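For the sequence shown, the working numbering begins at 28 and goes up steadily by one.
Backbone N, C-alpha and C fix where the C-beta goes; we use that ideal spot for every residue, glycine too.
Everything numeric in this text was worked out from a predicted model, so none of it was measured.
Report on the structure given below.
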Amino acid sequence: MIYEERRTLAHAKSTDEYLEYCRSEYWPKLRAEGGQTLCLLSGLIGDPENQFLQITGFEDAAGWEAAQGRVGPAPQGVVESESVRLLRPIASRPKPLVPDEDRRPVYGCRRFFIDPADLSDFVDSSENGIWPRIESQGACILGLWTTVAATQPMEILLLTGYHSPTHWEETRVTSPHVDQTLRQQESPLRNRRAEIAQKTWVRLMRAHWG
Numbered sequence: 028m029i030y031e032e033r034r035t036l037a038h039a040k041s042t043d044e045y046l047e048y049c050r051s052e053y054w055p056k057l058r059a060e061g062g063q064t065l066c067l068l069s070g071l072i073g074d075p076e077n078q079f080l081q082i083t084g085f086e087d088a089a090g091w092e093a094a095q096g097r098v099g100p101a102p103q104g105v106v107e108s109e110s111v112r113l114l115r116p117i118a119s120r121p122k123p124l125v126p127d128e129d130r131r132p133v134y135g136c137r138r139f140f141i142d143p144a145d146l147s148d149f150v151d152s153s154e155n156g157i158w159p160r161i162e163s164q165g166a167c168i169l170g171l172w173t174t175v176a177a178t179q180p181m182e183i184l185l186l187t188g189y190h191s192p193t194h195w196e197e198t199r200v201t202s203p204h205v206d207q208t209l210r211q212q213e214s215p216l217r218n219r220r221a222e223i224a225q226k227t228w229v230r231l232m233r234a235h236w237g
């Protein structure tokens, strides 16, 4: 699978119109071309509400390229600007489809910048250290990707779902109710990931499902 990351800035007064366009026109066209929209998120904290992030999966680069000519761009009167790039998954998430029980109303959109040589350590620290603990607290990892293009440093995108901004805050620390084994397993791996990350930042975003 290959994934498209589409960042869209809708006109300030066209947010609802853009959402309706996605649901009624854009997503059906994508599905007809083999595209599967994984999520559509809009700014909640850190980005304006008319800033959207959409992740769409395709079977391969050829499928993505073919869809570009058939789906077409968003209406100019609705969208101010868009940028697109291709991502590849680097971990066990994303799942091919997001089941209802995995969906959350709020997502942390976190970007990391690392040395490509540290990628395997970064993924291991995430999958086997941090993810089990925060998912035991009700969060749900949507996916972990990097760009198809090779860069130095390497950029990584992590999307994690939460029930609310308050829930996100609660998972920043390990609750005393978390299983002791998970806490012990996480600690050295969390420290390792912190060492690997040259820089990181996070935005909170609102999910728009179906």
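What does the Cβ neighbour count give for residue i, buried or exposed, with the cut at 16 atoms within 10 Å?
i, result
"Pro126", "exposed"
"Val111", "exposed"
"Trp228", "exposed"
"Glu213", "buried"
"Ile117", "buried"
"Glu196", "exposed"
"Ile157", "buried"
"Ile82", "buried"
"Val133", "buried"
Tell me the residue span of the beta strand (DSSP E) that contains residue i.
i, result
"Asp98", "With the sequence shown as reference, residue 98 is identified as Val, and Asp is not the correct amino acid for it. That residue, Val98, is in no beta strand (DSSP E); its alpha helix (DSSP H) goes 88-98."
"Gln103", "Run containing Gln103: none; DSSP gives neither H nor E here."
If I follow the unbroken alpha helix (DSSP H) through residue i, where does it start and stop?
i, result
"Tyr45", "42-48"
"Arg160", "158-163"
"Leu146", "146-152"
"Thr208", "207-223"
"Trp195", "192-197"
Going by DSSP, which residues form a beta bridge with residue i?
i, result
"Tyr53", "Bridge partners of Tyr53: none, in fact."
"Leu185", "Arg137, Leu171"
"Glu32", "Ile82, Arg112"
"Val229", "Arg137"
"Ile72", "Leu231"
"Ala37", "Val106"
"Thr64", "Thr83"
Compute the beta-carbon to beta-carbon distance between residue i and residue j, rounded to the nearest angstrom, for a pair I have assumed lies under 8 Å.
i, j, result
"Leu36", "His235", "16 Å between Cβ atoms; not a contact."
"Thr64", "Trp54", "6 Å"
"Thr187", "Ile168", "5 Å"
"Gly73", "Arg230", "4 Å"
"Lys226", "Phe140", "5 Å"
"Gly170", "Pro121", "3 Å"
**Item:** the segment 95-115 contacting the segment 168-182, beta-carbon criterion three pairs below 8 Å
**Value:** yes
**Prompt:** Does the count of Cβ pairs from the segment 134-143 and the segment 90-106 closer than 8 Å reach three?
**Reply:** They do not touch, by the three-pair rule.
**Message:** Measuring CB atoms only, is the segment 158-172 touching the segment 208-223, in the sense that at least three cross pairs come out at less than 8 Å?
**Reply:** Judged by Cβ distances under 8 Å, the segment 158-172 makes contact with the segment 208-223, as three or more pairs qualify.
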